[in-house]
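Take the sequence shown: its position 43, counted from the start at 1, is 675 in this note's numbering, and no numbers get skipped. A quick write-up on the structure given underneath.
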Amino acid sequence: MLYGCETWALTKTMEVRLTKTQCRMERRILRVRLRDRRPNTWLQGVTKLNDIVECARRRKRHSAAKVAALDPRDEDLDARRYLTCW
């Protein structure tokens, strides 16, 4: 679900959609319907899955740290910095 999230521009709308999708998937895994009136916090407590938005942010920060640590004498550096410029 997070394939390529290092290059996404995370907007508030996208974060909400990711959170909703994660909750729907957790409900599907546990076979819990909306009629059962279980809150999302209960779902996360049962499945023990990490928050998908936080995971995407963590991956983005990790990727940016890797690019920042590159050797400045490397000839491909400009191309890599251009790709991660956000």
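Just so it is clear, CB atoms sit at the ideal spot from N, CA and C, and this is done for glycine as well.
1. Can the beta-carbon of arginine 670 be found less than 8 Å from the beta-carbon of valine 664?
2. Please confirm whether leucine 584 and alanine 688 have their CB atoms less than 8 Å apart.
3. When you compare the CB positions of threonine 679 and leucine 662, do they come within less than 8 Å of one another, or not?
4. Taking Cβ positions, are leucine 642 and isoleucine 684 nearer each other than 8 Å?
5. Is the CB-CB distance between glutamate 638 and lysine 692 below 8 Å?
This is what the structure holds:
1. By 1-based counting over the sequence shown, the position of residue 670 is 38. By 1-based counting over the sequence shown, the position of residue 664 is 32. In contact: arginine 670 and valine 664 (Cβ atoms closer than 8 Å).
2. Examination of residue 584 is not possible in this model, given that the chain is present from 633 through 718 alone.
3. Here residue 679 is taken as the residue at index 47 of the sequence shown, counted from 1. Here residue 662 is taken as the residue at index 30 of the sequence shown, counted from 1. Cβ atoms of threonine 679 and leucine 662: closer than 8 Å.
4. Sequence index remark: in the sequence shown, residue 642 carries index 10 (1-based). Sequence index remark: in the sequence shown, residue 684 carries index 52 (1-based). Not a contact, by the Cβ cut-off of 8 Å.
5. The residue given as residue 638 occupies position 6 in the sequence shown. The residue given as residue 692 occupies position 60 in the sequence shown. A contact, by the Cβ cut-off of 8 Å.
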